[in-house]
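Trainee:
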Amino acid sequence: MSPRAVEKHQYRPVGLEDGSDDEETAASLVPLESRWRRRFCFLLLSSLTVLTTLTMGFAYHVSTWECPPLKPGVIEPYTPAPVLYVNKWLKGDPDTPKFMGKPRPEMDQAWNDLLSATAIRLSSEELLLANNATSVEHKDGGFVGGLGISHLLHCVVCYRSWTTDSHALHAPGVLYYYNDGFESWDDLFMHADHCLESLRQAILCQADVSVVTLEWTPHSRFKPSVRVPQPNACVDWDALHGWMSGRAASLEDVVGPPAGMFEDATD
1 MSPRAVEKHQ
11 YRPVGLEDGS
21 DDEETAASLV
31 PLESRWRRRF
41 CFLLLSSLTV
51 LTTLTMGFAY
61 HVSTWECPPL
71 KPGVIEPYTP
81 APVLYVNKWL
91 KGDPDTPKFM
101 GKPRPEMDQA
111 WNDLLSATAI
121 RLSSEELLLA
131 NNATSVEHKD
141 GGFVGGLGIS
151 HLLHCVVCYR
161 SWTTDSHALH
171 APGVLYYYND
181 GFESWDDLFM
191 HADHCLESLR
201 QAILCQADVS
211 VVTLEWTPHS
221 RFKPSVRVPQ
231 PNACVDWDAL
241 HGWMSGRAAS
251 LEDVVGPPAG
261 MFEDATD
């Protein structure tokens, strides 16, 4: 029996006999790759859009975010003044000697300086923000008003004028005058009584709740002296007064009362 010749078979992938399917397969991969590329670009753009939106939203939130109020639960009154705070000991003020003692020219000048710019110019926009307030008009436009501190200082001087028979405060720009033809002493008493009550209310409203201590001193064997162990947080008066001075007004700048308000009634 003669050996049978072994036939060697040739194998190739199905459908690739002539190589035409290679081109078809390659061609079919092109749309698939393009679809994945489009999907990737869509996802990338979507992610960038979301990230941009979140970033802009966060930036807007930060720009409109306000610090928590110093007095939570109440509405702070509007002020146009740029208020700054400093730590200050309420004892040992170098200006104290000017304001203590008997009436004298130095004291009068100190009070005149302190009460300069008690009246300031205000705009209609500022009055609107101040609870839609009204005030007397300024001759050159706008209005004339003041800050609460000016009224309280005025009250301190009024009460001191009544208790010390002082005739101070005649400096230009000072809005309030005492016992110089504007008020009788009886009227000044009523004015001082009103001012004392205003000061009482203001002290209670802006109560100083910092700690004070007591200490025995040779001053008295029956009552210890008060000590202030820490500085207070105070408004920077020099900065505030400088701002007020830049807006200063006086009685000469005020538009007078309406015609007929003070005319004598006729029968």
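In the UniProt record's numbering, the protein residues as written are 1 to 267. All C-beta atoms in this analysis are idealised placements derived from N, C-alpha and C, irrespective of residue type, glycine included. Keep in mind that this is a model prediction, so the values were computed, not measured.
Whose C-alpha, out of A133, W89, H219, is nearest the C-alpha of E125?
Mentor: It is A133.
Trainee: Out of E215, L153, S116, R227, which one is the CA nearest neighbour of M244?
Mentor: Among E215, L153, S116, R227, the Cα nearest to that of M244 is on S116.
Trainee: Can at least three beta-carbon pairs, one atom from the region 214 to 223 and one from the region 80 to 99, be found at a separation below 8 Å?
Mentor: No, the region 214 to 223 is not in contact with the region 80 to 99.
Trainee: Using the three-state DSSP reduction, which class does N112 fall into: helix, strand or coil?
Mentor: It is helical.
Trainee: Could you give the first and the last residue of the continuous beta strand (DSSP E) run that contains residue 270?
Mentor: This structure cannot settle anything about residue 270, because the visible part of the chain is limited to 1 through 267.
Trainee: Within this structure, are the beta carbons of I75 and A249 separated by less than 7 Å?
Mentor: Cβ distance not < 7 Å, so I75 and A249 don't count as in contact.
Trainee: How about C158 and A192: do their beta carbons lie closer than 7 Å?
Mentor: Closer than 7 Å, so yes.
Trainee: With DSSP collapsed to three states, give me the class of E263.
Mentor: The answer is coil: DSSP assigns E263 none of H, G, I, E or B.
Trainee: Cα-Cα, which of Q230, V209, A81 is closest to G246?
Mentor: Minimum Cα distance to G246 is reached at A81.
Trainee: Taking contact to mean 3 or more Cβ pairs, one atom from each stretch, closer than 8 Å, check whether the region 195 to 202 and the region 143 to 155 are in contact.
Mentor: Contact between the region 195 to 202 and the region 143 to 155 is present, because at least three Cβ pairs lie under 8 Å.
Trainee: Pick out whichever of S46, L122, P94 has its Cα sitting closest to the Cα of A110.
Mentor: Looking at the Cα atoms, P94 is the closest of the given residues.
Trainee: Excluding the 5 residues flanking A130 on each side, which residues of the same chain have their C-beta closer than 6 Å to its C-beta?
Mentor: The residues are Y78.
Trainee: I need the straight-line Cα distance from L48 to C41, nearest angstrom please.
Mentor: Taking the straight line from one Cα to the other gives about 10 Å.
Trainee: Suppose the cutoff is 6 Å on Cβ atoms and the five residues either side in sequence are ignored; what does the same chain contact list for T254 look like?
Mentor: A small fix is needed here, since residue 254 is Val in this sequence, not Thr. V136, V144, listed in sequence order.
Trainee: When you compare the CB positions of V226 and V212, do they come within less than 7 Å of one another, or not?
Mentor: Their beta carbons are under 7 Å apart, which means V226 touches V212 by this criterion.
Trainee: Spell out the partners DSSP gives H138 in its beta bridges.
Mentor: Answer is V254.
Trainee: Note down the Cα distance separating A202 from L214, rounded to an integer number of angstroms.
Mentor: Going by the C-alpha atoms only, they are around 25 Å apart.
Trainee: Note down the Cα distance separating A259 from K139, rounded to an integer number of angstroms.
Mentor: C-alpha separation (whole angstroms): 16 Å.
Trainee: Considering G146, what are the terminal residues of the alpha helix (DSSP H) in which it resides?
Mentor: No alpha helix (DSSP H) holds G146; DSSP gives it neither H nor E.
Trainee: Flag this pair as yes or no: are the beta carbons of G146 and T118 separated by less than 7 Å?
Mentor: Yes, the pair counts as a contact, with Cβ atoms nearer than the cut-off.
Trainee: Assuming the contact rule is C-beta atoms closer than 8 Å, V50 and C234 should be a hit. Round their C-beta distance to whole Å, please.
Mentor: Rounded, the Cβ-Cβ distance is 49 Å, inconsistent with contact.
Trainee: Quick check on the burial criterion: 16 or more other C-beta atoms within 10 angstroms. Buried or exposed for L204?
Mentor: Label assigned to L204: exposed.
Trainee: Output the boundary residues of the beta strand (DSSP E) element that contains E215.
Mentor: That run of the beta strand (DSSP E) goes 213 to 215.
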